[in-house]
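In this note's numbering, the protein residues as written are 6 to 474. Notes follow once the structure below has been shown.
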């Protein structure tokens with residue numbers, strides 16, 4: 006570990022107990038909800054945390070969670086609900102009447118957003134269909150296949166039998182008290198108000214048999230980390246459209262709901278065969294985050310230096326995560342530490358000019374972090390990087406950059422502005438939306454849907470929300 010990092014982050018720790026103080030500030034960024042304290046108990050005695058160090062961190066985390074829950078309660082929406090009849094099932098006449106009553110309100114809300122005609126029609130169609138879904142229950146779903154799984158739970162592709170809609174259903178197993186699960190469901194209702202072409206649609210959430218179910222719009226192209234496995238690298242012109250969608254999604258969450266995403270990464274950028282790009286899995290439920298305390302998530306490597314150090318952070322932290330994601334999607338693998346000259350040649354299929362390796366800011370031959378999507382053509386055989394080494398690298402080493410020889414100056418500069426380590430100097434959302442790379446990408450004619458369908462082997466664009474006949 007770098008001595009400078011230890012000096013800067015030594016608050017609350019004794020070096021004779023824990024020489025790797027990066028973990029201390031990493032815990033302060035997320036409390037102990039990722040299970041790192043439990044992990045630290047398996048370290049040698051000289052490397053263990055002094056238990057008292059966590060008390061202040063947990064107290065701070067509790068305050069932050071209370072503030073999140075208070076904000077969610079204040080913003081609790083009047084979602085598009087259908088009043089059930091006496092037997093618990095909504096009558097067809099009630100559904101139709103509710104849909105008609107909501108249509109005018111929907112159109113008014115959509116009019117407040119800066120949408121083109123196609124976006125407005127698609128969003129209006131989604132919300133009209135959603136109004137007809139009614140109360141969600143476990144028996145109403147037919148499982149089609151699994152879409153993905155991780156520490157947080159499993160996501161299945163399902164068909165909602167009463168409506169025929171295809172949805173993505175995320176199942177999170179939690180052993181919690183009834184009051185806590187009810188609070189989680191209430192907090193998730195904020196998602197009913199998140200209606201944007203750049204945010205994955207939300208149908209509802211419910212609890213059944215020990216699991217929280219979150220039902221979302223199905224994006225048939227999957228996430229960009231899945232697309233990357235097929236594409237090996239994603240072209241710059243495609244990433245221009247991705248950047249626009251991510252920036253607009255982050256701006257919508259910030260301006261309309263005062264929400265930070267907090268977990269921007271390729272696996273939370275979803276796409277479909279109609280060419281739409283949307284963000285998912287942003288943190289609106291503090292109680293849900295707290296309840297998943299033992300789910301250590303290895304993808305914390307997208308967190309900004311200021312979050313890892315436990316200092317104040319803002320939406321600028323999401324900007325860092327977006328920049329890091331763009332570098333990963335551009336070169337085909339997680340970019341910390343940067344690839345050497347041999348790997349760059351293997352990635353891009355041609356020799357790199359002198360200095361290209363230096364452009365990626367590799368200052369030492371450190372290994373790649375485990376678990377990142379790596380293209381089969383990458384020739385890096387170095388051993389895996391431990392999580393503590395990775396955190397130290399993010400805080401202490403220069404940030405990654407794109408090689409000039411392969412990408413345009415505009416894209417290179419855009420990513421560089423996202424990955425400035427000092428958040429006060431890092432570009433904000435408004436600056437990035439006005440950047441030359443974004444302005445150029447907005448007017449470029451790029452067939453994102455066609456590229457995605459070709460990459461993923463789809464025959465033709467489909468309508469992801471409807472079940473196949």
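Ideal placement from N, C-alpha and C gives every residue a C-beta, glycine not left out. Just so we're clear, the structure is a prediction, and the values are computed from it rather than from any experiment.
Q: With a floor of 4 residues, list each alpha helix (DSSP H) that falls wholly inside the segment 229 to 264, ordered by position along the chain.
A: Listed in chain order, they are 229 to 236, 241 to 262.
Q: Name the two residues that bound the continuous alpha helix (DSSP H) containing residue 416.
A: Counting from one through the chain shown, the residue named residue 416 turns up at place 411. Residue 416: member of the alpha helix (DSSP H) spanning 414 to 423, first to last residue.
Q) Just curious, the beta strand (DSSP E) that residue 220 is in, first and last residue? A) By 1-based counting over the chain shown, the position of residue 220 is 215. That run of the beta strand (DSSP E) goes 216 to 222.
(Q) Buried or exposed, going by whether 16 or more other CB atoms sit within 10 Å of the CB of residue 135? (A) Here residue 135 refers to the residue found at position 130 of the chain shown. Of the other Cβ atoms in all chains shown, 16 or more fall within 10 Å of the Cβ of residue 135; this residue is therefore buried.
(Q) the ligand GDP and residue 389: does the residue's C-beta get closer than 7 Å to at least one heavy atom of that ligand? (A) Ligands are entirely absent from the displayed structure, and the ligand GDP is therefore not among its contents.
Q | N- and C-terminal bounds of the beta strand (DSSP E) containing residue 159 | A | Stepping through the chain shown from its first residue, residue 159 is reached at position 154. Where residue 159 is concerned, the enclosing beta strand (DSSP E) stretches over 158 to 165.
**Q.** Simplified DSSP state of residue 391, which is helix, strand or coil
**A.** As a first step, residue 391 is located in the chain shown; it is residue number 386 there, counting from the start. Coil at residue 391, not helix or strand.
Q: Specify the secondary structure class of residue 320 as computed by DSSP and reduced to three states.
A: Taking the first residue of the chain shown as 1, we reach residue 320 at position 315. It is coil, neither helix nor strand.
**Q.** Assigned exposure category for residue 279 - 16 Cβ within 10 Å defines buried
**A.** Within the chain shown, numbered from 1, the residue matching residue 279 stands at position 274. It is buried - the Cβ of residue 279 has at least 16 other Cβ atoms within 10 Å.
Q: Starting from the Cα of residue 334, find the closest Cα among 223, 238, 355, 256 and give me that residue.
A: Start at 1 with the first residue of the chain shown, and residue 334 comes out as number 329. Of the candidates 223, 238, 355, 256, the one whose C-alpha sits nearest the C-alpha of residue 334 is 238.
**Q.** Candidates 308, 163, 422, of which the one nearest residue 395 by Cα
**A.** Residue mapping note: residue 395 aligns to position 390 of the chain shown, counting from 1. Considering only alpha carbons, the answer is 308.
**Q.** residue 444 (DSSP reduced to helix, strand or coil)
**A.** As a position in the chain shown, residue 444 is number 439, starting the count at 1. Residue 444 carries a helical assignment under DSSP once its states are collapsed to helix, strand and coil.
**Q.** Spatial neighbours of residue 215 in its chain, beta-carbon cut-off 8 Å, leaving aside the 5 residues before and after
**A.** Residue numbering aside, residue 215 sits at position 210 when the chain shown is read from its first letter. Answer for residue 215: 178, 179, 180, listed in chain order.
**Q.** Residue closest to residue 400, alpha-carbon to alpha-carbon, out of 342, 350, 415
**A.** Translated into positions along the chain shown, residue 400 becomes position 395. Taking residue 400 as reference, the option from 342, 350, 415 with the minimal CA-CA separation is 342.
Q | Uninterrupted beta strand (DSSP E) stretches inside the segment 118 to 197 (no shorter than 3 residues) | A | Complete beta strand (DSSP E) runs here, min 3: 146 to 155, 158 to 165, 170 to 178.
Q | Local Cβ density within 10 Å of residue 2, reported as buried at 16 or more and exposed below that | A | No statement about residue 2 is possible, as the shown extent of the chain runs from 6 to 474 and does not include it.
Q. What span of residues does the beta strand (DSSP E) with residue 5 cover, start to end?
A. The chain is shown from 6 up to 474; residue 5 falls before or after that span and cannot be answered.
Q: Could you tell me whether the segment 444 to 462 touches the segment 345 to 355, using the rule of 3 or more Cβ pairs below 8 Å?
A: The segment 444 to 462, when compared against the segment 345 to 355, does not touch it at the 8 Å Cβ threshold.
(Q) With a threshold of 6 Å on Cβ separation, who are the neighbours of residue 422 within its own chain once the five nearest residues in sequence on each side are excluded? (A) Residue mapping note: residue 422 aligns to position 417 of the chain shown, counting from 1. Excluding sequence neighbours, residue 422 sits near 432.
Q: Please classify residue 276: does DSSP put it in a helix, a strand, or coil?
A: The residue given as residue 276 occupies position 271 in the chain shown. Look at residue 276 here: in three-state DSSP terms it is strand.
Q. So, are the CB atoms of residue 189 and residue 217 less than 8 Å apart?
A. Numbered from 1 along the chain shown, position 184 holds the residue referred to as residue 189. Numbered from 1 along the chain shown, position 212 holds the residue referred to as residue 217. For residue 189 and residue 217, yes; Cβs fall inside 8 Å.
Q.
Quick check on residue 225: buried or exposed, where buried means 16 or more other Cβ atoms within 10 Å of its Cβ?
A. Position 220 of the chain shown holds residue 225. Buried, by the Cβ-count rule.
Q) With distances taken between CB atoms, is the gap from residue 420 to residue 332 smaller than 8 Å? A) Indexing the chain shown from 1 puts residue 420 at position 415. Indexing the chain shown from 1 puts residue 332 at position 327. Against a cut-off of 8 Å, the Cβ pair of residue 332 and residue 420 comes out as a contact.
Q: Quickly, what does DSSP pair residue 211 with across the bridge? List them, please.
A: The residue given as residue 211 occupies position 206 in the chain shown. According to DSSP, residue pairing for residue 211 in a beta bridge involves 218.
**Q.** Residues that DSSP places opposite residue 426 in a beta bridge
**A.** Here residue 426 refers to the residue found at position 421 when the chain shown is read from its first residue. As computed with DSSP, residue 426 is found in no beta bridge at all.
**Q.** Three-pair Cβ contact test at 8 Å for the segment 190 to 206 versus the segment 136 to 145
**A.** Fewer than three Cβ pairs drawn from the segment 190 to 206 and the segment 136 to 145 lie within less than 8 Å of each other, which leaves the two stretches out of contact.
Q | Proximity test, Cβ basis, 8 Å: residue 413 and chain C | A | Looking for chain C here will not work: only one protein chain is present.
Q: Determine the DSSP secondary structure at residue 334, reduced to helix, strand or coil.
A: For the purposes of this step, residue 334 is identified with residue 329 of the chain shown, where counting begins at 1. In this structure, residue 334 counts as helix in the three-state DSSP scheme.
Q) By Cβ distance below 7 Å, which residues in the same chain neighbour residue 286 in space, the five residues on each side in sequence not counted? A) Within the chain shown, residue 286 is the residue found at index 281, counting from 1. So the qualifying residues of the chain are 268, 273.
Q: Please name the residue or residues paired with residue 283 in a DSSP beta bridge.
A: By one-based count along the chain shown, residue 283 stands at place 278. According to DSSP, which records beta bridges pairwise, residue 283 is partnered with 275.
Q) In three-state terms, what does DSSP make of residue 328? A) Numbered from 1 along the chain shown, position 323 holds the residue referred to as residue 328. Residue 328: helix per DSSP, three-state reduction.
**Q.** Beta-carbon contacts of residue 455 that lie in its chain and below 7 Å, excluding the five residues immediately before and after
**A.** Stepping through the chain shown from its first residue, residue 455 is reached at position 450. Here the set comprises nothing.
Q) Per DSSP, residue 204 is paired with what? A) Along the chain shown, read from residue 1 onward, the residue named residue 204 stands at position 199. Beta-bridge pairing links residue 204 to 284.
Q. Can you give the beta carbon distance from residue 275 to residue 213, rounded, assuming they're within the 8 Å contact cut?
A. If you number the chain shown from 1, residue 275 lands on position 270. If you number the chain shown from 1, residue 213 lands on position 208. Incorrect: roughly 24 Å between the Cβ atoms, too far for contact.
Q: Just mark residue 429 as buried or exposed, buried being the case when its beta carbon has 16 or more other beta carbons within 10 Å.
A: For the purposes of this step, residue 429 is identified with residue 424 of the chain shown, where counting begins at 1. Exposed, since its Cβ has fewer than 16 Cβ neighbours within 10 Å.
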